[in-house]
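J.: Be aware that the sequence shown starts at 43, since it is given in our numbering, and climbs by one per residue.
For every residue, glycine included, the Cβ atom is placed at its ideal position computed from N, Cα and C.
As the structure is a prediction and not an experimental result, all values here were calculated from the model.
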Amino acid sequence: MAYLIRPLTHAFLDKIMPGSREAEVDHLWTNLLGFYFSEQNDYGVLREAYIRARSQSRANVCVCTLHRRTITKVIVVENKRASEAQTGIPPLSSWTHAKQQLQNYMLNIRPRQPQWESHTMFGILGVGKYVKFLQLRAGQNELEYFQDDGMYHLEDEQDSFTIEQKLSRMRNYISARREYTA
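1) Using the DSSP secondary-structure output, state which residues sit across from Ile205 in a beta bridge.
2) Would you say the segment 137–152 touches the segment 194–204, given that touching needs at least three Cβ pairs under 8 Å?
3) If I measure Cβ to Cβ from Gln177 and keep anything under 8 Å in the same chain, skipping five residues before and after, which residues do I get?
4) Which two residues bound the contiguous beta strand (DSSP E) that contains Phe175?
5) Hey, out of Ile131, Gln145, Gly192, Trp158, whose CA is closest to Gly170's CA?
6) Is there contact between the segment 113–127 and the segment 57–75, where contact requires at least three CB pairs shorter than 8 Å?
7) Going by alpha carbons, who is nearest to Thr107 out of Arg100, Tyr85, Glu90?
8) Is Val103 closer than 8 Å to Leu134 when the C-beta atoms are compared?
9) For Pro60, tell me which candidate among Asn183, Pro49, Ser125 has the shortest Cα-Cα distance.
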């Protein structure tokens, strides 16, 4: 619920409405993840991060950290705007396409950071004001839902507790596995 009491979060949420640009969703997640994954704790939040060198493919947002003295992407976010026709819950087709795109990005990132390949990477799907959480376990090539297959509304007070819990668990997992020396 902490993010819901922040005026800046509300300002970003207010900009997301049916038909608004995907960039509005990106701005929200860049701000939200910066709150939970702060620079003071050796995290960085990157917007429009290229998934590999000499590629035009970009993840909307990535969270990175230092692991064995190397900048390592540990959370990848794929966002989609709420369609102009969308007044409620996003249709299944919105999630299916975004999930496949996220999986492709994560599968391309993982082999380029061997320092983290024995650990889980996390994924976040944002469609408008709705979110799902996923993970790509070490040695796996298919995304799976992180803890449950729930879809959460960012402005719902009850959902906000679950969203915060998931972000905290991701942060705890990553923080426990970071190594600062090579």
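T.: The short version:
1) In DSSP, Ile205 forms no bridge with anything.
2) no
3) Thr162, Met163, Phe164, Gly165, Leu185, Glu186, Tyr187, Phe188
4) 172–178
5) Ile131
6) yes
7) Tyr85
8) no
9) Ser125
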